[in-house]
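Numbering (the numbering used here), first residue to last: 593 to 862. Cβ coordinates follow ideal geometry from the N, Cα and C atoms, glycine included. As the structure is a computational prediction, the values presented were derived from the model and not from experiment. Worksheet: one structure, shown below.
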Amino acid sequence: GYLIGVIGSSASPISGLALCSLIVAALLLVAIGVTGSGGVMAVLAVAAVVCCATSIGGEIIQDLKVGHILGGTPWTMELAEIIAVVFTSFVLVGPIMLLHRADILKGGAGIGGEHLPAPQAGLMAMLAQGIVGGEMAWPLVLMGIAFAIGLIMLGCESPMIVAVGMYLDFATSSAIFVGGVIRWIMDLVMERRKMGPPEVEHRVNVGTLLASGLIAGEALMAILIAILVNLNISLPQFGGSGWFGLPVFLLVGIILVAVPLRAPRPEAGA
């Protein structure tokens, strides 16, 4: 909850919590003599349940935070969450299939391949097979535990944030870093303008809502592109280099700073 509240749902430690549950479940199953492919499937089923519960819990925390900023009523938001969970349980597999098939049509391997990697799922499968099959690399697990204890002893405010930063792929971690730099620039500008705490909080909330919209828009655009690929609709290509996207990201960074700073001042007592 702390991670999601500070950074957002994109940094939810779902994989870490699921892996911890997977290790505990695997050890318990091995202790009672459940091994083989059946034991691996049982362990993965436990991890899947924990994964879904953690994901939904994190989304509710983030949604309640945004709802609080916008003045939403908690019980209506919880009702909307229940409806959303039931609805997405039946339709979410559709976008997953679209993304998988679109990547195959473009010469990829689908989900789990180079363009649609699934490192968490692969790691969970390796852990389940390793523990149940007796081939687990325990020194690596113990090293991670010792590292976390060391961070706590050094006074690290949130070892989980450090762990998530190490675990996530470079593309995600670098994007989070750039977001932190943008926030740092905003803090410097607001400090120079001598803004009070209420005004600072208001502008930070505006920036958070703007960033949340960009995250949601990115996910929707990925599905839209997958639909176009499945319909065999070709999209224009702007060169083979990713450097053409830098001006766009620069513009997005300017917007993330300019829009909150130009937001109307909060009313007195708001």
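Non-local beta-carbon contacts of Ala720 in its own chain, meaning distances under 7 Å to residues more than five positions away in sequence, involve Leu614, Ala618, Val632, Val635, Leu636 in chain order. Secondary structure in the segment 716 to 804: no beta strand (DSSP E) run of 3 residues or longer lies completely within the stretch. Excluding sequence positions up to five before and after Ala639, its CB lies within less than 8 Å of the CB of Ala610, Leu611, Ser613, Leu614, Ala617, Met716, Ala720, all in the same chain and listed in chain order. DSSP places Pro666 within a helical segment (H, G or I) once states are collapsed to three. Spanning the alpha carbons of Arg785 and Ala855 requires a straight line of approximately 14 Å.
A straight line joining the alpha-carbon of Gly664 with that of Cys644 spans about 25 Å. When DSSP states are grouped into helix, strand and coil, Pro856 belongs to the coil group. Collapsing the DSSP output to three states places Val677 in a helix. Between the C-alpha atoms of Ile737 and Leu743 there is a straight-line separation of about 10 Å.
Within its own chain, the residues whose Cβ lies closer than 8 Å to the Cβ of Met728, once the five positions on either side in sequence are excluded, are Leu719, Gly722, listed in chain order. Contact between the segment 739 to 754 and the segment 762 to 778 is absent: fewer than 3 CB-CB pairs across the two stretches fall below 8 Å. In its chain, beyond the 5 residues on either side, His692, Asp695, Ile696 have a beta carbon closer than 6 Å to the beta carbon of Gly702. CA-CA distance, Ser681 to Pro687, rounds to 12 Å. The beta carbons of Asn797 and Ile675 sit no closer together than 9 Å.
The beta carbon of Thr646 lies closer than 6 Å to those of Ile606, Leu609 in the same chain, with the five residues before and after it left out.
Straight-line spacing of the CA atoms in Ala623 and Trp730 works out to 16 Å. Of the candidates Ile819, Ala672, Val642, the residue whose Cα lies closest to the Cα of Ile652 is Ala672. For Val626, there is no enclosing alpha helix (DSSP H), as DSSP gives it neither H nor E. For His692, the enclosing alpha helix (DSSP H) covers residues 685 to 697. Contact between Leu690 and Gly700 does not hold, since the beta-carbon distance rounds to 13 Å and is not under 8 Å.
Annotated three-state conformation of Ser826 is coil, per DSSP. Comparing alpha-carbon positions, the option among Glu670, Val685, Gly725 lying closest to Gly630 turns out to be Gly725. Nearest to Val658 by C-alpha distance, out of Gly704, Gly625, Gly714, Gly799, is Gly799. About 6 Å separates the Cβ atoms of Ile774 and Gly845, confirming a contact at the 8 Å cut-off.
Under a 10 Å Cβ-count criterion, Val840 is classified as exposed, with fewer than 16 other Cβ atoms of the shown protein chains found around its own Cβ.
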